[in-house]
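Residue numbers (my numbering): 936 to 1351.
What follows is the structure, given as structure tokens:
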């Protein structure tokens, strides 16, 4: 079979291009020390390498999640530490404010400092992570979770905890919700209160000659009581009498109007020895006791912060009454409990950080194992590759020499 000169040249050019491509690929492999097996050449090794690389990509995603979790937990821990410091400063102010020797001008200074600390607490509660998402907002969006409302600071988030996947079967929490951090302070009395409710009661004690606030009042015979005006319906409970004769009554009142409370007090008068009647203006009640009158443990639901009642032992003289443990000394205990609660929440965040650290080590160990597997599957046999390269270069040189010699020969060379 004979072929023309142009076809012969085209076939050889194509062969040279293939040879050059093989040489270039081999040179690249030698320079990198790796060889990516092609499915057509080594399907089993190529499939294994593909599986290993998929696992490496998965570990990279886990590691990225762990980095996000680590940063978010660091910010959370730092903020809780700041909150604890602010509460400690408040406790110091509360101790000073409970001293009856504090002058009115000094009390104003204490009140100003306490208000600034409250503002700082709100700022810390609304802190955000690197992405701009609230740390203590739960699953809610990017709005501030804590805002000023008609009843003080309100929580607009939820109880959700953000979680990120860090292995095929495990997830880690990246912090705690604002509900956990600020809305669930357990007191020694067994009551659970919001941190900002405690702070607002503390500020009230500073702004109203707080050393004179009482949660229990006793008079020898008679005293008048005006209950605080609430917004709408509220459930009131209070204790009449003391010792074995003490009885707790409850009544549903509208805007603090005492009618139902008077009826409830009179219903148990045989046990307490205390009767109740309307004051002359009809807005308050007069308590009269055979053996004296003791009124204590006033509680309002929804919660009424600050003053809940005024007791008048005599005309023109009144005592501000607050709910149980809302006195100056009681507030000190509540601020202390709030600090302990924040410390507990910080311990929870610390445990979450330890979990993140543990998974980071596991991911790092698995990554090392997979890197070794990739190396075994893709590392180049350098000696064999160099030998093959030399062979390809030699063959290419011989082929090119033959091509040049053949193409340079003409009909006249054969005639001579």
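Ideal placement from N, C-alpha and C gives every residue a C-beta, glycine not left out.
Looking at the secondary structure, which residues open and close the alpha helix (DSSP H) in which residue i lies?
i: residue 1132; result: 1130–1142
i: residue 1210; result: Unbroken run through residue 1210 is the beta strand (DSSP E), 1209–1213; no alpha helix (DSSP H).
i: residue 1064; result: Per DSSP, residue 1064 belongs to no alpha helix (DSSP H) and is neither H nor E.
Among the options, which one has its Cα closest to the Cα of residue i?
i: residue 1289; options: 1006, 1264, 1265; result: 1006
i: residue 1017; options: 1281, 1285, 1149, 1244; result: 1281
i: residue 1167; options: 1154, 1035, 1191; result: 1191
i: residue 1194; options: 1222, 1026, 1025, 1271; result: 1222
i: residue 1206; options: 1050, 1255, 1216, 1225; result: 1225
i: residue 1065; options: 1088, 1004, 1250, 1165; result: 1004
i: residue 1275; options: 1106, 1021, 1042; result: 1021
i: residue 1041; options: 1265, 1165, 1141, 1174; result: 1141
i: residue 1147; options: 1179, 1263, 1012, 1291; result: 1263
i: residue 1230; options: 1247, 1031, 1052, 1152; result: 1152
i: residue 1293; options: 1085, 1116, 1107; result: 1107
i: residue 1165; options: 1149, 1199, 1184, 1236; result: 1236
i: residue 1228; options: 1137, 1216, 1248, 1109; result: 1248
i: residue 1266; options: 989, 991, 1029; result: 1029
i: residue 1073; options: 1092, 1104, 1008, 1202; result: 1092
i: residue 1217; options: 1105, 1162, 1279; result: 1162
i: residue 1303; options: 982, 987, 983; result: 987
i: residue 1111; options: 1010, 1202, 1122; result: 1010
i: residue 1118; options: 1105, 1124, 1094; result: 1094
i: residue 1012; options: 1305, 1284, 1308; result: 1284
i: residue 1114; options: 1181, 1036, 1075; result: 1075
i: residue 1287; options: 1174, 1008, 1036; result: 1008
i: residue 1177; options: 1197, 1189, 1154; result: 1154
i: residue 1116; options: 1037, 949, 1279; result: 1279
To which residues of the same chain is residue i closer than 6 Å at the C-beta, ignoring the five residues directly before and after it?
i: residue 1317; result: Low confidence applies to residue 1317: its pLDDT is 48, below 50, so where it sits in the model is not reliable enough to give any reading.
i: residue 1295; result: 1001
i: residue 1057; result: 1081
i: residue 1059; result: 1014, 1017, 1018
i: residue 1046; result: 1141, 1142
i: residue 1174; result: 1181, 1183, 1231, 1232
Apart from the five residues just before and just after residue i, which ones in its own chain have a Cβ nearer than 8 Å to its Cβ?
i: residue 1061; result: 1069, 1071, 1079, 1080, 1081
i: residue 1187; result: 1168, 1169, 1170, 1171, 1195
i: residue 1199; result: 1184, 1185, 1186
i: residue 1150; result: 1231, 1232, 1233, 1256, 1257, 1258, 1259, 1260, 1261, 1262, 1265
i: residue 1089; result: 1081, 1082, 1083
i: residue 1297; result: 1102
i: residue 1120; result: 1127, 1128, 1129, 1130, 1133, 1269, 1272, 1273, 1276
i: residue 1122; result: 1128, 1260, 1268, 1269, 1272
i: residue 1124; result: 1259, 1260
For residue i, which residues from the same chain have a beta carbon less than 7 Å from its beta carbon, with the 5 sequence-adjacent residues on both sides left out?
i: residue 1063; result: 1069, 1070
i: residue 1246; result: 1152, 1158, 1160, 1230, 1253, 1254, 1256
i: residue 1055; result: 1021
i: residue 1353; result: This structure cannot speak to residue 1353, because the chain is shown only from 936 to 1351.
i: residue 1087; result: 1131, 1132, 1135, 1240
i: residue 1219; result: 1159, 1160, 1161, 1193
i: residue 1048; result: 1028
i: residue 990; result: 1305
i: residue 1308; result: 987
Following the continuous beta strand (DSSP E) through residue i, name the residue where it begins and the one where it ends.
i: residue 1159; result: 1157–1162
i: residue 1237; result: Taken as a continuous stretch (DSSP letters only), residue 1237 belongs to no beta strand (DSSP E), as it is neither H nor E.
i: residue 1224; result: 1220–1224
i: residue 1200; result: Residue 1200 -> not in any beta strand (DSSP E); alpha helix (DSSP H) instead, spanning 1194–1202.
i: residue 1118; result: It is not in any beta strand (DSSP E) - residue 1118 carries neither H nor E in the DSSP assignment.
i: residue 1123; result: No beta strand (DSSP E) contains residue 1123, which DSSP labels as neither H nor E.
i: residue 1037; result: First-last for residue 1037: undefined, no H or E at that position.
i: residue 1151; result: 1151–1154
i: residue 1148; result: No beta strand (DSSP E) contains residue 1148, which DSSP labels as neither H nor E.
i: residue 1186; result: 1182–1189
i: residue 1165; result: Note, residue 1165: premise wrong, no beta strand (DSSP E); not H, not E.
Exercise for review: Decide yes or no for the touch test of the segment 1119–1132 against the segment 1094–1105: beta carbon pairs closer than 8 Å, at least 3 of them.
Suggested key: Three or more Cβ pairs closer than 8 Å define a contact, and the segment 1119–1132 falls short of that threshold against the segment 1094–1105.
Exercise for review: Decide if the segment 986–998 is in contact with the segment 1240–1256; the criterion is three or more beta carbon pairs, one per stretch, under 8 Å apart.
Suggested key: Taking a contact to require three or more Cβ pairs closer than 8 Å, the segment 986–998 and the segment 1240–1256 do not qualify as touching.
Check your understanding: Fully enclosed by the segment 1072–1116, which beta strand (DSSP E) runs are 3 residues long or longer?
Key -> Here the runs fully enclosed are 1081–1084, 1087–1090, 1098–1100, 1106–1108.
Review point. For the 8 Å Cβ check, are there 3 or more pairs between the segment 1017–1035 and the segment 1257–1271?
Key: Touching, yes, given that three or more Cβ pairs across the two stretches are closer than 8 Å.
Check your understanding: Taking three-plus beta-carbon pairs below 8 Å as touching, is the segment 1132–1141 in contact with the segment 1206–1215?
Key -> As far as the Cβ criterion goes, the segment 1132–1141 does not touch the segment 1206–1215, which means the pair count is below three.
**Study point:** Sequence ranges, alpha helix (DSSP H) only - wholly within the segment 1258–1315, length at least 4
**Key:** DSSP assignment within the segment 1258–1315 yields the following whole alpha helix (DSSP H) runs of 4 residues or more, N-terminal first: 1263–1313.
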